[in-house]
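What follows is a single structure, written as structure tokens, with notes after it.
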Amino acid sequence: MNKTLRYLLTGIFSGVLLIIIFSGGFAAGYLVKDAVPAGIFAAPTLPQPPTPAPETADATPDELEILFEPFWESWQIVHDSYVDQPVDDLKLMQGAIDGMLYSLGDQHTTYMDPDEFKQANSSMEGEYDGIGAWVDSTGNYLTIVSPMPGSPAEEAGLKAGDIVIAIDGEDMTGIDGSLVIRKVLGVAGTTVELTIVREGESEPLKFEVTRAHIVIPSAEGEMLEDNIGHIEINTFGDNTTPELRTAITELLDQGAEGLVIDFRNNGGGYLTTAIEVASEFLPEGEVVLYEEYGDDTRDTHITLDNGLATDVPIIVLINEGSASASEVVAGAIQDHERGQLVGVTSFGKGSVQNWIALSDNQGAVRVTVAKWLTPNGRTIHDIGLDPDVIVEMLEEDYEADLDPQLDTAIELLLDEISK
1 MNKTLRYLLT GIFSGVLLII IFSGGFAAGY LVKDAVPAGI FAAPTLPQPP TPAPETADAT
61 PDELEILFEP FWESWQIVHD SYVDQPVDDL KLMQGAIDGM LYSLGDQHTT YMDPDEFKQA
121 NSSMEGEYDG IGAWVDSTGN YLTIVSPMPG SPAEEAGLKA GDIVIAIDGE DMTGIDGSLV
181 IRKVLGVAGT TVELTIVREG ESEPLKFEVT RAHIVIPSAE GEMLEDNIGH IEINTFGDNT
241 TPELRTAITE LLDQGAEGLV IDFRNNGGGY LTTAIEVASE FLPEGEVVLY EEYGDDTRDT
301 HITLDNGLAT DVPIIVLINE GSASASEVVA GAIQDHERGQ LVGVTSFGKG SVQNWIALSD
361 NQGAVRVTVA KWLTPNGRTI HDIGLDPDVI VEMLEEDYEA DLDPQLDTAI ELLLDEISK
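Here's what the structure looks like:
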């Protein structure tokens, strides 16, 4: 084997292991994939007792060589014996990283190949080509977390919780999540047919969706009747905070006496942005969340100063598509009794991921480094936030272009303002 290649790959794998051990930080995921474990080869002859694997943090190069001996044996066996030659070394390397992360048993700790990493970042930056939906591909099938407001996905009728079982008539059973995502994405103007399983429906549903160039405004405001401002926060990305501050300023200048903060179908984003958003509505120095690590230590994140709407009455809208960073802010507002939550139980994404780009544009490792808790110490992972006032959106509401959740929020705000 080429020694340079061997040392390069050893360095990559060792580096990833060290990254998992030492990294901190956060970025919530949008486009992720279900990892596939690498194969394990058992030799037919009885081996000598192995040298104990060292802790990678303290391992010498010689100890790492011992640690990776089974890997290199497997690598060589594939190159010597696999029926279809030549094998793709790049895919083998990526598959090995996949398998390593899969073995941790955490669906949110995954490897993103270069294409996936690019797509994940494009939605955070605010534009890409596709149907306009945040998805979860860590299960057996691709699942819609939430359609983006005004997107082709929303206009076609896709909803949070929809499970994609076929694309353009092709069964997606057993297909890797990254491949399913790529089949959904495509050039603006082209169409894709999605076959969906939806809770409450006895038969699969089919949706024809025309792809578009998706530009995602992070935050938009509009003035409603009775001096109520409505602010939709669609993601927690690079442009969210300045767009939100502009929206708040414009609404207050127009005489808004109360604000409806709309996190419905907000799939999340950066934690730093979530803290900035929470700081617009909560006084300086209030706890936004706790990050709890594997050794039971915690980091406390508090609000910043100069919030524009810390004294304005607010109501927050959430639904089953509100996830991650949107739940951070909604949970903080609820715990501090700053405003009521209206809608239905949120998605329940309460772990913290760090995205670490690998060298030479080889994708990224997405690692769960902590779990987050609300200011009152609540965990919402796999549970979600329960609203203070439950208001469901029924099928007939969508068909009639009605919004009982927003209507309820406005009524509560007017009651609060009149006191």
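The numbering used here puts the sequence shown at residues 1 to 419. C-beta: ideal position from N, C-alpha, C; glycine also.
| Asked | Found |
| --- | --- |
| Quick one: residues in its chain with C-beta nearer than 8 Å to the C-beta of glycine 161, no 5 flanking neighbours on either side, listed in chain order? | Thr143, Ile144, Arg198, Glu199 and Glu320 |
| Taking contact to mean 3 or more Cβ pairs, one atom from each stretch, closer than 8 Å, check whether the segment 239-252 and the segment 294-302 are in contact. | no |
| So, using beta-carbon positions, are isoleucine 181 and serine 137 closer together than 8 Å? | yes |
| For valine 328, which residues from the same chain have a beta carbon less than 6 Å from its beta carbon, with the 5 sequence-adjacent residues on both sides left out? | Ala274 and Leu289 |
| What first and last residue would you give for the alpha helix (DSSP H) that runs through glycine 99? | 89-102 |
| Would you say the segment 324-341 touches the segment 355-374, given that touching needs at least three Cβ pairs under 8 Å? | yes |
| Give the DSSP bridge partners of asparagine 354, in chain order. | Val367 |
| Which whole-angstrom value is the C-beta distance of leucine 317 and glutamine 405, which I expect to be below 8 Å? | 6 Å |
| So what does glutamate 292 bridge to, in DSSP terms? | Arg298 and Lys371 |
| With burial defined as no fewer than 16 other Cβ atoms inside 10 Å of the residue's Cβ, what is the status of serine 218: buried or exposed? | buried |
| Counting Cβ pairs, one atom from each stretch, are 3 or more of them under 8 Å apart for the segment 251-270 and the segment 403-418? | yes |
| According to DSSP, is lysine 183 part of a helix, a strand, or is it coil? | helix |
| Who are glutamine 340's beta bridge partners in DSSP? | Ile315 |
| Pull up the distance between the alpha-carbon of glutamate 155 and that of valine 209, whole angstroms please. | 8 Å |
| Using beta-carbon positions only, say whether alanine 256 and asparagine 227 come within less than 8 Å of one another. | yes |
| Under the assumption that proline 149 contacts asparagine 239 (Cβ atoms under 8 Å), give the Cβ distance between them as a whole number of angstroms. | About 15 Å separates the two Cβ atoms, so there is no contact after all. |
| Rounding to the nearest angstrom, what Cα-Cα distance links proline 387 and phenylalanine 347 in this structure? | 12 Å |
| I need the DSSP call for glycine 229, collapsed to helix, strand or coil. | strand |
| Near valine 78, what residues of its chain come up, given a Cβ to Cβ distance below 8 Å and the 5 sequence neighbours on each side ignored? | Val87 and Leu92 |
| Measuring CA to CA, which of Tyr270, Leu304, Glu292 and Thr300 is closest to serine 279? | Leu304 |
| Going along the chain, which residues of its own chain have a beta-carbon closer than 7 Å to the beta-carbon of serine 23, five neighbours each way excluded? | Its pLDDT being 29, under 50, serine 23 is placed unreliably by the model, and the measurement read from it follows with that caveat. Only Asn354, Ile356, Val367 and Val369 meet the Cβ criterion. |
| From the DSSP output, which residues share a beta bridge with glycine 221? | Ile231 |
| What residues are listed by DSSP as bridge partners for threonine 210? | Thr191 |
| Using beta-carbon positions only, say whether aspartate 115 and glycine 186 come within less than 8 Å of one another. | no |
| Could you spell out the range, first to last residue, of the beta strand (DSSP E) harbouring alanine 133? | 133-136 |
| Measuring only the C-alpha atoms, how far is aspartate 62 from phenylalanine 71? | 15 Å |
| Taking CB distances under 8 Å as the criterion, tell me whether phenylalanine 71 reaches chain D. | Structure shown: chain D not included; a single protein chain is present. |
| Do phenylalanine 117 and leucine 158 come within 8 Å of each other at the CB atom, strictly closer than that value? | no |
| Where does alanine 323 fall in DSSP's three states? | coil |
| In chain order, what residues of the same chain lie with their CB nearer than 7 Å to the CB of aspartate 106, ignoring the 5 residues before and after it? | Thr368 |
| Could you name the residues that DSSP lists as bridge partners for phenylalanine 236? | Gly269 |
| Quick check: the Cα distance between alanine 188 and glycine 307, rounded to an integer number of angstroms? | 39 Å |
| In whole angstroms, give me the CA-to-CA distance for isoleucine 12 and isoleucine 97. | Bear in mind that the predicted position of isoleucine 12 carries a pLDDT of just 39, short of 50, making it unreliable; the figure below should be weighed with that in mind. Their backbone Cα atoms lie some 9 Å apart in a straight line. |
| Taking DSSP as the reference, what is the three-state secondary structure of valine 260? | strand |
| Specify the secondary structure class of tyrosine 82 as computed by DSSP and reduced to three states. | coil |
| Count the other CB atoms, across all protein chains shown, that sit within 10 Å of the CB of leucine 179; report buried if there are 16 or more and exposed otherwise. | exposed |
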